[in-house]
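Asks: Numbering (the numbering used here), first residue to last: 92 to 347. Every residue gets a Cβ at the ideal spot worked out from N, C-alpha and C, and that includes glycine. Here it is, the structure in full.
Quick look at the structure:
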């Protein structure tokens with residue numbers, strides 16, 4: 092009995108497999124790293140609690156009912172004192188908007204390493220002045236209204252319209268009877284065509300589509316777990332913090 096074996100230098104299979112593919116592998120690795128690194132870092136750091144107040148940039152008074160959006164989803168609004176509290180993560184974008192004011196976009200930078208911050212947001216007015224509007228009473232064309240008036244429908248017309256609607260509804264909702272030969276023949280032909288097409292295959296109503304690109308976020312979620320952002324506490328900013336926020340804002344205006 093003749094025996095034979097193959098011997099080759101170690102590393103040959105690895106080199107032959109990655110020959111000419113090193114650049115592709117590096118590109119894929121860099122793409123995955125660029126996509127998932129910010130999310131992984133933000134998840135690892137955890138949420139940051141922001142206590143804040145929204146001011147009118149002109150009057151420096153708090154603004155109530157200012158809506159804010161986090162990651163494209165509505166998160167809440169300020170209370171009657173203009174205060175808010177929210178949780179956000181690194182690289183999150185928060186948009187504050189109010190009627191009559193220009194929206195303000197704030198991005199949570201990765202340089203914020205504390206767990207809690209106090210923020211003061213100043214919104215500038217963004218209104219459009221329109222000329223004065225004068226409203227006066229208007230008398231309609233009585234002759235045209237009388238000539239265009241249509242007579243009311245009679246009871247016979249109402250009954251006929253209702254009968255037509257009922258007949259149309261019954262025709263659309265009730266399936267045809269199986270005693271019709273044409274309908275039975277058409278159903279049989281459709282079933283035979285479907286059986287011939289799906290012979291030896293999985294039926295179309297039992298197929299499940301799965302993309303390999305959906306496995307990456309699934310594996311990451313299973314490994315790290317879903318982000319758990321708790322409900323923010325009630326906003327509270329002391330009068331001392333309010334005065335300090337106004338002082339910092341005024342000093343920045345004087346500097347510029």
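Within a Cβ cutoff of 7 Å, which residues of the same chain sit near residue 326, ignoring the five residues on either side of it in sequence?
Replies: For residue 326, where only same-chain residues beyond five positions count, the Cβ hits under 7 Å are 142, 170, 174, 175 and 176.
Asks: So, at 6 Å on beta carbons, what are the nonlocal neighbours of residue 336 in its own chain, with the 5 sequence-adjacent residues on each side left out?
Replies: 211, listed in sequence order.
Asks: Just mark residue 328 as buried or exposed, buried being the case when its beta carbon has 16 or more other beta carbons within 10 Å.
Replies: The residue is buried, with at least 16 neighbouring Cβ atoms inside 10 Å.
Asks: Between 149, 197, 140 and 182, which lies nearest to residue 341 when the distance is taken from Cα to Cα?
Replies: 149
Asks: For residue 144, count neighbouring C-beta atoms within 10 Å of its own C-beta (all shown protein chains included) and say buried if the count is 16 or more, exposed if not.
Replies: buried
Asks: If we require 4 or more residues per run, which alpha helix (DSSP H) segments fall completely within the stretch 149-206?
Replies: none
Asks: Under DSSP, the alpha helix (DSSP H) around residue 142 begins and ends at which residues?
Replies: Note, residue 142: premise wrong, no alpha helix (DSSP H); beta strand (DSSP E) at 139-147.
Asks: Can you have a look at residue 213 and say buried or exposed, based on whether 16 or more other CB atoms are within 10 angstroms of its CB?
Replies: By the neighbour-count criterion, in which 16 or more other beta carbons inside 10 Å mark a residue as buried, residue 213 falls on the buried side.
Asks: Out of 152, 153, 180 and 187, point me to the one whose CA is closest to residue 167's CA.
Replies: The alpha carbon of residue 167 has as its nearest neighbour, out of 152, 153, 180 and 187, the alpha carbon of 187.
Asks: Give the DSSP-derived three-state secondary structure of residue 307 in the structure shown.
Replies: helix
Asks: Curious, which full-length alpha helix (DSSP H) runs of at least 4 residues does the stretch 241-266 contain?
Replies: 246-264
Asks: With DSSP as the reference, label residue 325 as helix, strand or coil.
Replies: coil
Asks: When the distance is taken between beta carbons, is residue 178 closer than 8 Å to residue 203?
Replies: no
Asks: Alpha carbon to alpha carbon, how far is residue 163 from residue 189? Give it in angstroms, no decimals.
Replies: 16 Å
Asks: Within the same chain, show all residues whose beta-carbon is closer than 8 Å to that of residue 156, passing over the 5 residues directly before and after it, in chain order.
Replies: 168, 169 and 189
Asks: Can you tell me whether residue 312 is helix, strand or coil according to DSSP?
Replies: helix
Asks: Between the Cα of residue 185 and those of 154, 258 and 196, spot the shortest distance and give me the residue it belongs to.
Replies: 196
Asks: On the DSSP bridge assignment, give the partners of residue 208 in chain order.
Replies: Residue pairing by DSSP puts residue 208 in a beta bridge opposite 141.
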